[in-house]
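Trainee: The opening position of the sequence shown corresponds to residue 102 in my numbering, with each subsequent residue numbered one higher.
Just so you know, even glycine gets a beta-carbon here, dropped at the ideal spot from N, CA and C.
Values in this document were obtained by computation on a predicted structure and should not be read as measured data.
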Amino acid sequence: SYQQFENEGEEEEEEEEQHGMMDVMVHQGIETIEFTLGCISNTASYLRLWALSLAHAELSEVLWSMVMQAGLGMDINKYVNPIVIIVTFAFWAGLTVAILIVMEGLSAFLHALRLHWVEFQNKFYEGEGHLFAPFSFERMLNGQDDE
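#1: Identify the continuous alpha helix (DSSP H) that holds Ala-256 and give its terminal residues.
#2: Pick helix, strand or coil for Met-123, following the three-state DSSP scheme.
#3: If I'm right that Val-185 touches Gly-172 with Cβ under 8 Å, what's the distance once you round it to whole angstroms?
#4: Comparing alpha-carbon positions, which option in Ala-199, Ile-134 and Phe-225 lies nearest Leu-160?
#5: What is the DSSP secondary structure of Ser-102, counted as helix, strand or coil?
#6: Give the single residue among Val-219, Glu-135, Val-163 and Leu-196 whose Cα lies nearest to the Cα of Asn-143.
#7: Which two residues bound the contiguous alpha helix (DSSP H) that contains Ala-171?
#8: Straight-line CA distance for Leu-216 to Glu-132?
#9: State the Cα-Cα distance for the pair Ser-237 and Trp-151, rounded to the nearest angstrom.
#10: Can you tell which of Gly-244, Gln-222 and Leu-232 has the C-alpha that lies nearest to the C-alpha of Gly-139?
#11: Go ahead and pull the three-state DSSP assignment for Phe-136.
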């Protein structure tokens with residue numbers, strides 16, 4: 102039960118643990134592996150953001166070459182060309198801005214998610230807390246609820 106879990110934790114705190122040299126070496130080896138994996142994970146996470154920025158640049162180049170240069174290369178007549186250029190520019194600008202907004206939004210989302218889950222969880226999260234007790238009407242009716 103929950104009371105037994107609480108009492109076990111108090112007993113463990115009262116006892117002092119003695120560590121031998123081998124225990125310390127194993128612990129330090131595990132810490133070193135964990136730190137190295139954390140560094141690799143953080144680097145891979147930043148590489149994902151870099152790849153997203155590369156995709157952003159390449160999409161901009163593709164849109165420029167496929168839409169704008171095609172519109173600028175048309176030679177219909179001197180009265181229709183300005184209209185074609187304006188329509189082509191409007192299409193290119195709308196498509197570029199829409200894609201850029203989606204890509205930058207995704208980049209910002211990934212960066213925030215990375216900071217919360219990779220950086221925060223590695224440095225500050227310890228996983229200590231209260232034992233989870235799911236809500237139960239039966240426990241409430243029997244008076245077993247602590248609240």
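Mentor: In terms of the structure at hand:
#1: In this structure the chain extends from 102 to 248, so residue 256 is not present and cannot be described.
#2: The sequence position of residue 123 within the sequence shown is 22, counting from 1. If DSSP states are grouped into helix, strand and coil, Met-123 belongs with the helices.
#3: If you number the sequence shown from 1, residue 185 lands on position 84. If you number the sequence shown from 1, residue 172 lands on position 71. So it is a contact: roughly 6 Å between Cβ atoms.
#4: For the purposes of this step, residue 160 is taken as the residue at position 59 of the sequence shown. For the residues Ala-199, Ile-134 and Phe-225, the minimum Cα distance to Leu-160 belongs to Ala-199.
#5: Along the sequence shown, read from residue 1 onward, the residue named residue 102 stands at position 1. Low confidence applies here, because Ser-102 scores a pLDDT of 44, under 50, leaving its location unreliable; read the following figure in that light. Correct three-state label for Ser-102: coil.
#6: Looking up residue 143 in the sequence shown gives position 42. Measuring from the Cα of Asn-143, the nearest candidate turns out to be Val-219.
#7: Here the question's residue 171 lines up with position 70 in the sequence shown. Counting along the chain, the alpha helix (DSSP H) containing Ala-171 begins and ends at 170-174.
#8: Translated into positions along the sequence shown, residue 216 becomes position 115. Translated into positions along the sequence shown, residue 132 becomes position 31. About 21 Å.
#9: Position 136 of the sequence shown, counted from the first residue, corresponds to residue 237. Position 50 of the sequence shown, counted from the first residue, corresponds to residue 151. Approximately 48 Å, taken between the alpha carbons.
#10: Here residue 139 is taken as the residue at index 38 of the sequence shown, counted from 1. Among Gly-244, Gln-222 and Leu-232, the Cα nearest to that of Gly-139 belongs to Gln-222.
#11: In the sequence shown, the residue the question calls residue 136 occupies position 35. Here Phe-136 sits in helix by DSSP.
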